[in-house]
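See structure below.
Protein chains: 2
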Amino acid sequence: MDREKISIYRIANEAGVSPATVSRVLTQNANVSEEKKQKVESLILKYNFSPNAMARGLTSSRSRIIGVLIPDIRNPFYAGLAVECERAAGERDYSLMLSNYMNDRKMEEQRLYKMVGQQIDALIIMGGRVDEVISNEAYKERINQICDTMPVVITGKLEGSNCYQVNLDEMGGMDQVMKYLSSMGHRDICMIGGKKDVDSTCIKRTRFRSILDRLGIEFCSDYIVETGDYSLESGYWAMNRMIESRKKLPTAVIAINDLTALGIIQSLREHAMGIPEDVSVVSFDNTFLAGTSVPRLTSMDYGYEQFGNTLIETALGVLEGREVPKKQIIPTELIIRDSCQKIT
Amino acid sequence: MDREKISIYRIANEAGVSPATVSRVLTQNANVSEEKKQKVESLILKYNFSPNAMARGLTSSRSRIIGVLIPDIRNPFYAGLAVECERAAGERDYSLMLSNYMNDRKMEEQRLYKMVGQQIDALIIMGGRVDEVISNEAYKERINQICDTMPVVITGKLEGSNCYQVNLDEMGGMDQVMKYLSSMGHRDICMIGGKKDVDSTCIKRTRFRSILDRLGIEFCSDYIVETGDYSLESGYWAMNRMIESRKKLPTAVIAINDLTALGIIQSLREHAMGIPEDVSVVSFDNTFLAGTSVPRLTSMDYGYEQFGNTLIETALGVLEGREVPKKQIIPTELIIRDSCQKIT
DNA sequence: GTGAAAGCGCTAACAG
DNA sequence: CTGTTAGCGCTTTCAC
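Residue numbers (our numbering), protein chains in the order written: chain A, 1 to 344; chain B, 345 to 688.
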């Protein structure tokens, strides 16, 4: 555990050159005679030497690492998105440092500062506090301080902050869902899942109501079911409650995400209801789950590749001083599978 | 992007104390008078100062970060395990730095060195090259060099390396599966999925064959289907091929993991076969998918909490100089759900 | 081209 | 208790 650490000094010594020269061949941004270069490189290979990133970072060069703060990596939505970011970053020779905060506020901030201290070059924050309907002022202040130091890209809003936003087109998505559903004759539509102070959810719900309005369907508060989270279980229990309490079930259910949809389907099935014969189900996210469930889920796709690219491009764009729009929108597309049916 | 950086010097200056004193209140491992402490802390709060981890790491103190190398975070097995590690680490005030290498050899090593350079305190490597049947000598050498620097814990083997191993009880798991299946009268059992040079897969297969032997069932090479990976698609295509080519289908299928099992089920269903009426399916990993598929999957659980704990405990144990076993085994438990049936 | 030397921000002796 | 003083390993002027 404590063999003599090798440093550029050791290498320099053995190669009979100065540490500066070793540094030069390492960074490749200065000319070194071919002869010395060879010698140094062979030593580097021999010891499998990799320069201490801490020391490097200290001299305030770049770490070529982008930090990504993720609410819950077990959610296929985030896992998939993280992988797309990884790919996009890799193409530009950047690595990602993933940090999971388990949807916990305290942990979120703790991880955030840990990463910031780690000398990441840019920060991407997914979900969480940057996606709250009412932005916390003190939190915003703290984030803005970080914005002074490095590019911060968020998938939510955070009113009045200096972050760059890359948002999903929630409204457009809801429009497509409702258009699809109503084209099939559904008028008794309900929305299940989510937390009311999450901005993306709030937008969906508001849009949902206004479309209902436009369609001349009277809004009934039972149409929107707040579950407080985005899990499979929450969908399951919400649907159970609905079946057990309501006289008339909706003909279509919009799930806040695939996970919740799976729970809804499970509940429906246990109550001997057919999907889509008795109830149609649509959801958001189009994770791999949507294609593998029974029936396969009609779900809203987000163009993850573009999403990942945009997130990374934005971060690096700001970093490199390019002009980058403060807010960008990722389009959505409804992927139609087998979970919806025309009203007969 | 470049407001004057605050450092302990700035804080020290404004507080009228020395940088060392600021450092002392930061690290909390020396006594400071209440008065100065107050002053410093208020400044820290005011500037929302967080010490530069690079500089800290340079002084060779600990970063309290454990690096985790993951093959594919989209696989719920790894996502779940990562979260358990995160929890275990959090309890000891450590953070995780997750790095995904997309099952790519080159990326795996690149990420590895990136993390090592990042001054992580310990390294956990999941799957990948440390889980190859035939360990690559050069790779082993390089890993051993890292072992000299920090604790390295792996979930595979890597013959002759100085890594600490935490392995799943593959053999015990296979025993349970086969005992269960044969107790239900199955004798025509097939194993689908995986890659032959992955050690954990190899162990399962070998055990499978030897149990077949013991049960007096003649081994036929069709009983083991190599797909080369662990994806849903691979299970789907393998089952398709089997159905379309074989006269007699096995009565039971063992899938290498839940994902592959889902693919198998999908194929079976498309061919109008009932599960478990026509074919029983068992799998390994018991991810959340097992509980939500239709039918719900009987799957091998690994005690993820214990797995995560052991991984972290081992890393920190070595780090703190405690005596730690070189190799530990995580027990398995078959979770029985609805995907298997007695032979009638 | 190349070496010497000055930091980067922090911690850890070492004196007081 | 607290300030002073060395570094940690690397990059980067600045001379030569």
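For glycine and all other residues, C-beta sits at the position ideal for the given N, C-alpha and C.
Inter-residue spacing [alpha-carbon to alpha-carbon] between residue i and residue j
i: D188(A); j: R246(A); result: 13 Å
i: S611(B); j: P295(A); result: 14 Å
i: D658(B); j: K670(B); result: Strictly speaking, residue 658(B) in this sequence is Thr, with Asp absent from that position. Each residue's alpha carbon lies about 9 Å from the other.
i: A596(B); j: T688(B); result: 13 Å
i: N257(A); j: C546(B); result: 37 Å
i: D346(B); j: T149(A); result: Residue placement at D346(B) is poorly supported in this model, since its pLDDT is 41, which falls under 50; the coordinates still yield a value, given next. Taking the straight line joining both Cα atoms gives about 6 Å.
i: R354(B); j: I66(A); result: 27 Å
i: I330(A); j: A356(B); result: 46 Å
i: I70(A); j: S18(A); result: 44 Å
i: I335(A); j: V177(A); result: 10 Å
i: R368(B); j: K380(B); result: 11 Å
i: S42(A); j: V22(A); result: 11 Å
i: E159(A); j: S135(A); result: 6 Å
i: A272(A); j: I265(A); result: 10 Å
i: E577(B); j: T604(B); result: 7 Å
i: K349(B); j: P151(A); result: 15 Å
CB contact flag (residue i, residue j, <7 Å)
i: S505(B); j: D465(B); result: no
i: R269(A); j: T298(A); result: no
i: V281(A); j: S339(A); result: yes
i: A412(B); j: L456(B); result: Strictly speaking, residue 412(B) in this sequence is Val, with Ala absent from that position. Cβ distance not < 7 Å, so V412(B) and L456(B) don't count as in contact.
i: A359(B); j: V384(B); result: yes
i: Q278(A); j: V198(A); result: The question names Gln, but residue 278(A) is Asp in the sequence shown. No, the Cβ-Cβ distance between D278(A) and V198(A) is not below 7 Å.
i: N48(A); j: Q489(B); result: yes
i: F342(B); j: D629(B); result: Any answer about residue 342(B) is impossible in this case: the structure gives chain B only from 345 up to 688.
i: M171(A); j: R129(A); result: no
i: V153(A); j: L311(A); result: yes
i: C429(B); j: G652(B); result: yes
i: M174(A); j: K204(A); result: yes
i: G537(B); j: G579(B); result: yes
Endpoints, beta strand (DSSP E) assigned at residue i
i: V496(B); result: 496-498
i: I65(A); result: 65-70
i: Y164(A); result: 164-168
i: V597(B); result: 596-599
i: A122(A); result: 122-125
i: T298(A); result: 298-301
i: I490(B); result: Element bounds for I490(B): not the beta strand (DSSP E) but the alpha helix (DSSP H), 481-491.
i: N419(B); result: No beta strand (DSSP E) holds N419(B); DSSP gives it neither H nor E.
i: S99(A); result: 95-100
i: L334(A); result: 333-335
i: V535(B); result: Here residue 535(B) is Met; the residue named in the question, Val, does not match the sequence. Unbroken beta strand (DSSP E) run through M535(B): 533-536.
For residue i, the nearest candidate out of the options (CA to CA)
i: K157(A); options: M150(A), Q165(A), P151(A); result: Q165(A)
i: E452(B); options: D437(B), Q463(B), I468(B); result: I468(B)
i: L289(A); options: C85(A), D301(A), S234(A); result: D301(A)
i: G424(B); options: G647(B), Q685(B), Q672(B), F393(B); result: G647(B)
i: G607(B); options: M583(B), I619(B), I673(B), M535(B); result: M583(B)
i: M191(A); options: G172(A), L212(A), M184(A); result: L212(A)
i: S394(B); options: Q341(A), M242(A), I243(A), V116(A); result: V116(A)
i: Q650(B); options: E677(B), V496(B), G665(B); result: E677(B)
i: N225(A); options: A255(A), L319(A), E244(A); result: Here residue 225(A) is Val; the residue named in the question, Asn, does not match the sequence. Out of A255(A), L319(A), E244(A), A255(A) has the C-alpha closest to the C-alpha of V225(A).
i: Y567(B); options: K592(B), S544(B), S575(B), Y580(B); result: K592(B)
i: L215(A); options: S221(A), W237(A), G185(A); result: G185(A)
i: S575(B); options: R418(B), P594(B), A399(B), A374(B); result: R418(B)
i: M446(B); options: S99(A), R105(A), V83(A); result: V83(A)
N-terminal and C-terminal residue of the alpha helix (DSSP H) that residue i is part of
i: D278(A); result: Neither: D278(A) is in no alpha helix (DSSP H) and is coded neither H nor E.
i: I329(A); result: It is not in any alpha helix (DSSP H) - I329(A) instead sits in the beta strand (DSSP E) that spans 327-330.
i: D213(A); result: 199-214
i: M586(B); result: 576-589
i: I8(A); result: 8-15
i: I264(A); result: 258-270
i: I388(B); result: 378-391
i: L700(B); result: This structure gives no information on residue 700(B), because the portion of chain B shown stretches from 345 to 688.
i: L456(B); result: 449-461
i: I656(B); result: 648-663
Which of the residues in the stretch 377-402 of chain B, read from start to end, lie with their CB under 7 Å from any CB of chain A?
-> N392, S394, P395, N396, A397, M398, A399, G401, L402
What residues from the stretch 230-242 of chain A come within 8 Å of chain B, judged by C-beta to C-beta, listed N to C?
-> L232
Chain B contacts made by the stretch 106-134 of chain A, where a contact means CB separation under 9 Å | M107, Q110, R111, Y113, K114, M115, V116, G117, Q118, Q119
Contact list for the stretch 155-181 of chain A against chain B, Cβ threshold 7 Å = none
In the stretch 67-86 of chain A, which residues sit with their C-beta less than 8 Å from some C-beta in chain B, listed in chain order?
-> D72, I73, R74, P76, A79, G80, A82, V83, E86
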